[in-house]
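Visitor: Mind looking over this structure? Questions follow.
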Amino acid sequence: MLTILFDGIAYGMLLFVLASGLAVTLGLMNFVNLAHGAFAMAGGYITVILVNRLGLPFFASLPIAFLASALIGFVFERTLYVHVYRKSHLDQVLFTIGLVFMSVATVDYFLGSSQVFVQVPDTLQGQFSVSGVGIGRYRLLIIIVCGLLTIALQFVFANTRFGSRLRAAVDDSRVARGLGINVNRIFAVTFAFGSGLAGLGGALGAEILGLDPTFPLKFMIYFLIVVTVGGTSSITGPFFASLLLGISDVAGKYYVPTLGAFVIYTIMIIILIWRPQGLFSRASSR
Amino acid sequence: MTTPARLTIVAATEWLSERARWHPLEFLFWIAAFAAIYLMPSRHLILTEIAWLGLFALSLDLILGYAGIISLGHAAFFGLGAYTAALLAKHEIINEPAAALLIAGVAAMALGFLTSFLVLRGSDLTRLMVTLGVALVLRELANRNGWLTGGADGLQGVTIKPLLGTFRFDMFGHTGYIYCLTVLFILFLLARRMVNSPFGLSLLSVKDNPLRASAIGISVDARLVAVYTVAAGYAGIAGALLAQTTAFASLEVFSFDRSADLLLVLIIGGAGYLYGGLIGAIVFKIMQDYLSALTPQYWPFWIGLVLVVIVLVGRDRITSWTAPIRLFAERLNWRALKRRPAASITEEHLS
Amino acid sequence: MLSRYTIGAIVTLAIGAVAVGGASAQDTMKVGLIVSMTGQQASTGKQIKAAVDLYMKEHGDTVAGKKVQVILRDSASVPDNTKRLAQELIVNDKVSVIAGFEITPAALVVAPLATEAKVVELVMAAGTSIITEKSPYIVRTSFTVPQSCVIIADWASKNNIKKVVSIVSDYAPGFDAEKSFGERFKAAGGEVAEAIRVPLANPDFAPFLQRAADAKPDAIFIFVPSGQGGTFMKQFTERGLDKAGIKLIGPGDVTDDDLLPGMGDAAIGTVTAHFYSADHNSPMNKAYVAAFQKANNFRPAFMSVGGYDGMHLIYEALKKTGGKTDGDSLIAAMKGMKWESPRGPISIDPETRDIVQNIYIRKVDKKDGQLYNVEFATFEAVKDPVKEASKK
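Heads up: the protein sequence lines correspond to chains A, B and C, in order.
Quick note on my numbering: the first sequence kicks off at 1 and runs consecutively.
Quick note on my numbering: the second sequence kicks off at 287 and runs consecutively.
Quick note on my numbering: the third sequence kicks off at 638 and runs consecutively.
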């Protein structure tokens, strides 16, 4: 039973790393980036190529996946996304879905439609027992990495100047601009960082979630759920939302397999009816 | 002679009627659509799809374009309508497709009414997710209850009896197209009537600024519930059309892809003027069909590219390219010549 | 926002500009191939297309005086798409055969169409038993899931496996697998401790595997659609179930050649029963695998032979009818045909129009540095057991 809890936490934290970038960009610029999953997919495939084809060690390729996705995010943001900020939400939806289609087809063309696997080092395979509870090694790695990332993110968010500028800009960008905060630059940096995180999440998640060209479409719903339930004005919101979703999904499938996916959606609807702004956000000025 | 109050009423009525006038291009559109029955018999299959997709997009336009409710789960009503019609036909409860269509619409309206309270509060994002959640829950329900719905394999063994007792649904799609187009036209007329009525105008004010609207006494919640219910009914009928013309219903009718594609269709055509959904359906379906025949494997790339280009180029620029045609059509609008007297009454009253 | 009426005008003109398809020549026989080239089942579609292309490259495109033309359409795994595409192919392009069908609902939804239009429906991928019963014009060159499941059940009961937990995906082939394996295994004295069903889309096997492991079986019987085998295998080893002494058995979908190379050494030792392995030791198969890998960058998998043999069936039937392409003649010619395929000897059962083939028991092993399903036992001329049982 504790194994299920452990699995749920791992799954939840993975979702968090994947979705955190989306939460911040949505809260910050009110920009609906449905192509977020494409950056995750990029990170995953880059890791696959590095580890499987070029023989790099797994741990070394994780940071590279992060940097590469961040770079791709930065480039896309400066060249394509800037033109779309002023447009309506609907146009943003159209634009980002178009990007998703293009990325899916591109990956399909170059790397095939089948699922790909990362050759994970043997030290991460299998599980070991701690007082009767089976701990999967790979999932333990996920929890450790994601836990460290969360702590780092929360630190940056709450305790640094950049973080406070970011929070100010999320709260009310007009006033923030009025105070002299360069919101556009903050956004460019945050977007790149968020894409990098997505890429890292994709690299880590390839083992657990399965990586194929339709990845962005399959998992977009989960990211959106995390962001909506968690609210977009903090890091802790999406964090707890991801944990909640991860645990309830895994536990639901174990204890009541006949209900399966029901559980997440129903929980989400209930939470959103009860608190439409998300579980952890203050009612913002928007 | 005429009191100031009476003048206002006259002017207002004139203005409303003016707004609801049929533009020459509208005539052209519908004439072409009906002419396609005779002129393009080999394309009836895809035209049938365009017809019910257009109706589906029209239903989304009612809530998105006129009430500002953004929904990623409109497929919930579509799917419910589809399964209702398919089940009625399969178990031979109702043998007349047109009657089954109405019942499917009513079922979808009921669901729309029940779930309408979910979209009353919350931001755009909340509504997106809640509506999506409803659609996915329905999908799961359909999946779980395979004894009723056929589960992941779809509902098998559905036979649709001839329409009105005489018109068999043939392989070529002739009956299908005429049926779908007629239903679309009737429902379109109703929708047009609705949005050009005072009710429709109040919806626009709610969309613009709910707080202000409620301040002048417009009941926001009641209106949202009403339009959401009607839109759900329209979506249900579109779903029933799908089920009846293909004699099949599967879990795909509830999928996220369907709702997302629908949103794309409507955004391509433009929300808020009723024709957006129809035009979007035509453009999207034809483009998709053409591209997937051209490159069966990589067509999503080209569609994605078209979407990106549309947004980057911008609607305003696209609209300006079509200005000459619009101006030409205006010239045909002879009624505009008669409009002058009404304008002068309003001006007199204001001064 | 686009101005309402202007776009109306443009589009009306566009409607008028949509061209009608060209007329077909008398000497061409058209085959409509509707498979999933995008979406979840895209890898299956790719395999089938590659095999069809290979066959036509090897054998040319002229048979019995007719030129064979394959028209490819993407169904995106949506059954109503398949139906509309099939209708258009029949009505506009006048095809004589509709082939493909990677998922069961696609094959079922086209069945009434095949009957009405008297067009051969050639199932190259789907594996549910009842498909061929839905229309007298349906013929299958792929497989039926129960064929492999009963064989593995026999093998398991003879090899010290007494208690099994069965895990299948929640759709028709999955139910077929669960039922055919369960009945055969129980009839031989085995025990099916639990029968778990996993959602078809986006499965996370972890909770289900945990449940299965808690029941402490000798083996887990697994059936998932081709494409999910890899994820399953990963999570199986991640939970350490292989180390816990639980064997993995099932039909060969879980060790699909398409994904096997990437599964890692943890898959070694898995025993499955199936009709095709890329490692099959026959000269014809060796040539097939070599040519296939040369033309594409991936190995042929069991889905591909359905396409390869399907084309062969069409060609041979056309030769037999002397060029007649109407549905009745083709079906009559197809019934009872026997030939050597890369998978081994196969034939089309004249009574059921379903495929009769050898089923092999194989074990995953490493050969030349790559993982293969190595065959070590053969069961000859296996007919679909579900239809066989219903005859008695």
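Note that the Cβ used here is the ideal one computed from N, Cα and C, for glycine as well.
#1: Report yes if the CB atom of Q724(C) is closer than 8 Å to the CB atom of T214(A), and no otherwise.
#2: Is there a Cβ of chain B sitting closer than 8 Å to that of P276(A), yes or no?
#3: Work out the CA separation of L414(B) and P496(B) for me, nearest whole Å.
#4: Is it buried or exposed, P484(B), if we count other Cβ atoms within 10 angstroms and call 16 or more buried?
#5: Name the one or two DSSP bridge partners that Y1009(C) has.
#6: Would you call G659(C) buried or exposed, if buried means 16 or more other Cβ atoms sit within 10 Å of its Cβ?
#7: If distances are taken between C-alpha atoms only, which option among Y81(A), F101(A) and K87(A) comes closest to P586(B)?
#8: Any chance you could list the alpha helix (DSSP H) runs of at least 4 consecutive residues sitting entirely within the region 141 to 206 of chain A, in chain order?
#9: Specify the secondary structure class of Y85(A) as computed by DSSP and reduced to three states.
#10: From D108(A) to T681(C), what does the alpha carbon distance come to, in whole angstroms?
#11: Below 8 Å on the Cβ atoms is my contact criterion, and I expect S345(B) with Y514(B) to pass it. Report the Cβ-Cβ distance as a whole number of Å.
#12: Tell me the DSSP secondary structure of T214(A) in three-state form.
#13: Please name the residue in K731(C), K755(C), L726(C) and S712(C) whose C-alpha comes closest to that of F738(C).
#14: Secondary structure at F16(A), three-state DSSP: helix, strand or coil?
#15: Compare the C-beta of A40(A) with all C-beta atoms of chain C and state if any pair is closer than 8 Å.
#16: DSSP on A910(C), reduced to helix/strand/coil?
#17: If you reduce the DSSP assignment to three classes, tell me which class E1025(C) lands in.
#18: Could you tell me whether any Cβ in chain A is nearer than 8 Å to the Cβ of K755(C)?
#19: Give, in chain order, every residue of the region 449 to 461 of chain B whose Cβ lies closer than 8 Å to some Cβ of chain F.
#20: Between the region 889 to 908 of chain C and chain A, which residues of the former have a C-beta closer than 8 Å to a C-beta of the latter?
#21: In whole angstroms, what separates the C-alpha of A297(B) from that of L550(B)?
#22: Just the chain A side, please: which residues come within less than 8 Å of E1012(C) by C-beta, in chain order?
#23: Any C-beta of chain A within less than 9 Å: which residues of the region 584 to 602 of chain B qualify?
#24: What does G230(A) pair with, by DSSP beta-bridge criteria?
#25: Can you pull the chain C neighbours of G73(A), defined as C-beta to C-beta under 7 Å?
#26: What residue range is occupied by the uninterrupted beta strand (DSSP E) comprising S806(C)?
#27: So Y138(A) contacts chain C; which residues on that side make the cut at Cβ distance below 7 Å?
#28: Specify, as a first and last residue, the run of the alpha helix (DSSP H) that S817(C) falls within.
#29: CB-CB under 6 Å to F66(A), same chain, minus the five flanking residues each way: which ones, in chain order?
#30: Under 8 Å, do V802(C) and A830(C) count as touching if we go by C-beta distance?
#31: I need the boundaries of the beta strand (DSSP E) containing S984(C), first residue and last residue.
#32: Along the alpha helix (DSSP H) that carries T989(C), what are the first and last residues, could you check?
#33: Once DSSP output is grouped into helix, strand and coil, what is the label at R936(C)?
#34: Return the chain-ordered ranges of every beta strand (DSSP E) run that is complete within the region 656 to 716 of chain C and spans a minimum of 3 residues.
#35: Is the Cβ of I833(C) closer than 8 Å to any Cβ of chain A?
#36: Take I208(A) as the anchor and find which of L2(A), M1(A) and G12(A) has the nearest alpha-carbon.
Guide: For this structure:
#1: For the purposes of this step, residue 724(C) is taken as residue 87 along the third sequence, with counting starting at 1. For the purposes of this step, residue 214(A) is taken as residue 214 along the first sequence, with counting starting at 1. In this structure, T214(A) does not lie closer than 8 Å to Q724(C) by Cβ.
#2: Locating residue 276(A) in the first sequence gives position 276, where the first residue counts as 1. Taking Cβ atoms only, chain B reaches closer than 8 Å to P276(A), which makes this a yes.
#3: Your numbering for residue 496(B) matches position 210 in the second sequence. Your numbering for residue 414(B) matches position 128 in the second sequence. If I take the Cα positions, the gap works out to 18 Å.
#4: As a first step, residue 484(B) is located in the second sequence; it is residue number 198 there, counting from the start. Result: exposed.
#5: Locating residue 1009(C) in the third sequence gives position 372, counting from the first residue. According to DSSP, which records beta bridges pairwise, Y1009(C) is partnered with D1002(C).
#6: Here residue 659(C) refers to the residue found at position 22 when the third sequence is read from its first residue. At G659(C) the pLDDT is 38, less than 50, meaning the model places this residue with poor confidence and gives no usable figure here.
#7: In the second sequence, counting from the first residue as 1, residue 586(B) sits at position 300. Shortest Cα-Cα distance from P586(B) to any of Y81(A), F101(A) and K87(A) involves F101(A).
#8: Listed in chain order, the complete alpha helix (DSSP H) runs (minimum 4 residues) inside the region 141 to 206 of chain A are 161 to 171 and 173 to 178.
#9: Position 85 of the first sequence, counted from the first residue, corresponds to residue 85(A). DSSP places Y85(A) in coil when its eight states are reduced to three.
#10: What you label residue 108(A) is simply residue 108 of the first sequence in a count that begins at 1. What you label residue 681(C) is simply residue 44 of the third sequence in a count that begins at 1. In a straight line, the C-alpha of D108(A) is about 13 Å away from that of T681(C).
#11: Against the second sequence, residue 345(B) aligns to sequence position 59. Against the second sequence, residue 514(B) aligns to sequence position 228. Not a contact, Cβ separation roughly 10 Å.
#12: Within the first sequence, residue 214(A) is the residue found at index 214, counting from 1. Coil at T214(A), not helix or strand.
#13: Counting from 1 along the third sequence, the entry for residue 738(C) is found at position 101. Residue nearest to F738(C) within the set K731(C), K755(C), L726(C) and S712(C) is S712(C) (criterion: CA-CA distance).
#14: As a working note, residue 16(A) is residue 16 in the first sequence. Helix.
#15: Start at 1 with the first residue of the first sequence, and residue 40(A) comes out as number 40. No, its Cβ sits nowhere closer than 8 Å to a Cβ of chain C.
#16: Here the question's residue 910(C) lines up with position 273 in the third sequence. A910(C) sits in a strand when the DSSP states are folded into three classes.
#17: On the third sequence, residue 1025(C) is found 388 positions in, with the first residue counted as 1. DSSP, read as helix, strand or coil, puts E1025(C) in helix.
#18: What you label residue 755(C) is simply residue 118 of the third sequence in a count that begins at 1. Not a single CB atom of chain A sits nearer than 8 Å to the CB of K755(C).
#19: In the structure shown, chain F cannot be found, because the protein chains are A, B and C.
#20: Per Cβ criterion, the list reads D895, L896, G899, M900, G901 and A903.
#21: Position 11 of the second sequence, counting from 1, holds the residue named residue 297(B). Position 264 of the second sequence, counting from 1, holds the residue named residue 550(B). Taking the CA atoms as reference points, A297(B) sits about 39 Å from L550(B).
#22: Position 375 of the third sequence, counted from the first residue, corresponds to residue 1012(C). Neighbours of E1012(C) in chain A, taken as residues whose beta carbon is under 8 Å from its own, are absent, since the nearest beta carbon is some 23 Å off.
#23: Flagged, chain order: Y584, W585, P586, F587, W588, I589, G590, L591, V592, L593, V594, V595, I596, V597, L598, G600 and R601.
#24: As a first step, residue 230(A) is located in the first sequence; it is residue number 230 there, counting from the start. According to DSSP, G230(A) bridges with nothing at all.
#25: The residue given as residue 73(A) occupies position 73 in the first sequence. Residues of chain C passing the Cβ test: none, with the nearest at roughly 25 Å.
#26: Position 169 of the third sequence, counted from the start, is the residue given in the question as residue 806(C). For S806(C), the enclosing beta strand (DSSP E) stretches over residues K800 to S806.
#27: Taking the first residue of the first sequence as position 1, residue 138(A) is located at position 138. Within chain C, the residues placing a beta-carbon under 7 Å from that of Y138(A) are E875, ordered along the chain.
#28: Taking the first residue of the third sequence as 1, we reach residue 817(C) at position 180. Start and end: A809 to A824.
#29: Walking along the first sequence from the start, residue 66(A) turns up at place 66. If we look at F66(A) and ignore the five residues flanking it on each side, its Cβ neighbours are G196, G199 and L200.
#30: The sequence position of residue 802(C) within the third sequence is 165, counting from 1. The sequence position of residue 830(C) within the third sequence is 193, counting from 1. With respect to the 8 Å criterion, V802(C) and A830(C) are classified as neighbours on the basis of their beta carbons.
#31: Position 347 of the third sequence, counting from 1, holds the residue named residue 984(C). Element bounds for S984(C): G981 to I985.
#32: Working through the third sequence from its first residue, we reach residue 989(C) at position 352. Secondary structure note for T989(C): it is in no alpha helix (DSSP H), with a DSSP letter that is neither H nor E.
#33: One-based indexing of the third sequence puts residue 936(C) at position 299. Reduced to three states, the DSSP call for R936(C) is coil.
#34: Within the region 656 to 716 of chain C, the beta strand (DSSP E) runs of at least 3 residues that lie entirely inside it are, in chain order, 665 to 672 and 703 to 711.
#35: Stepping through the third sequence from its first residue, residue 833(C) is reached at position 196. Closer than 8 Å to some Cβ of chain A, the Cβ of I833(C) qualifies, so yes.
#36: Taking the first residue of the first sequence as position 1, residue 208(A) is located at position 208. For the residues L2(A), M1(A) and G12(A), the minimum Cα distance to I208(A) belongs to G12(A).
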